[in-house]
Every structure is written in structure tokens, then in C-alpha cells.
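Visitor:
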Amino acid sequence: MSMLGAVHTLMASVEAKATSMQGQIEDATKSKDELEQMDLLNIQFQLGQYNAMMEASSSIAKGTTDMLKTLAQRTS
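So that you can map any letter, position 7 of the sequence shown is 10 in my numbering, and since no number is skipped, the others follow by simple counting.
1) Do Met14 and Ser60 count as a contact pair if the criterion is CB distance below 8 Å?
2) Rounded to a whole number of angstroms, what is the C-alpha to C-alpha distance between His11 and Ser5?
3) To which residues of the same chain is Ala21 closer than 8 Å at the C-beta, ignoring the five residues directly before and after it?
4) What does a CB cutoff of less than 8 Å around Met41 pick up in its chain, not counting 5 residues either side in sequence?
5) From Ala55 to Lys72, what distance separates their C-alpha atoms?
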């Protein structure tokens, strides 16, 4: 898989996770007057996974940018 393909796959996964989390939060908040502790723990866990995915995509973007800067400096 190419680097661009890997980034595209990662971003699609991040988007799917965000959509899933939004649905879970909406379901948890609209069906009850108060959130149960398990609902909150599940949302917190999902948010942690989403955060890890965002950190990974940020690291990949920074690494790619640094690599391209290095290549640009070598060619000029």
C-alpha cells in the first residue's frame, strides 16, 4: 500500500470513528434523562480511541511534511 493510500485509509477510519461516536452520544443522551455510568465509560473509552487515531494521523502528517521539506532543501 502506498503512503497516500495508508493516509487515506487512516483518515477514513478517523471519520468513521467520529460518526460512530456521535451516534453513540446521541443515543445515550436522547433516550434517558440521566446518563448511566456505563454509558459515560463507553463514551470515554471511544473518545480515547479517537484521540489515539488523531495523534497517529498528526504524527504521520508531521513526518511527511518534514520529509518533503528535507527533499526540497536537497534539491535546491
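Idealized CB from N, CA, C, for every residue including glycine.
Guide: In terms of the structure at hand:
1) Mapped onto the sequence shown, residue 60 falls at position 57. Mapped onto the sequence shown, residue 14 falls at position 11. Yes, Cβ-Cβ distance for Ser60 and Met14 is below 8 Å.
2) Reading the sequence shown from its first residue, position 8 is the one you call residue 11. Reading the sequence shown from its first residue, position 2 is the one you call residue 5. Roughly 10 Å between the two C-alpha positions.
3) Working through the sequence shown from its first residue, we reach residue 21 at position 18. Around Ala21: Tyr53.
4) On the sequence shown, position 38 is the one that residue 41 refers to. There are no such residues.
5) Counted from its first residue, the sequence shown places residue 55 at position 52. Counted from its first residue, the sequence shown places residue 72 at position 69. Whole-angstrom Cα-Cα distance: 26 Å.
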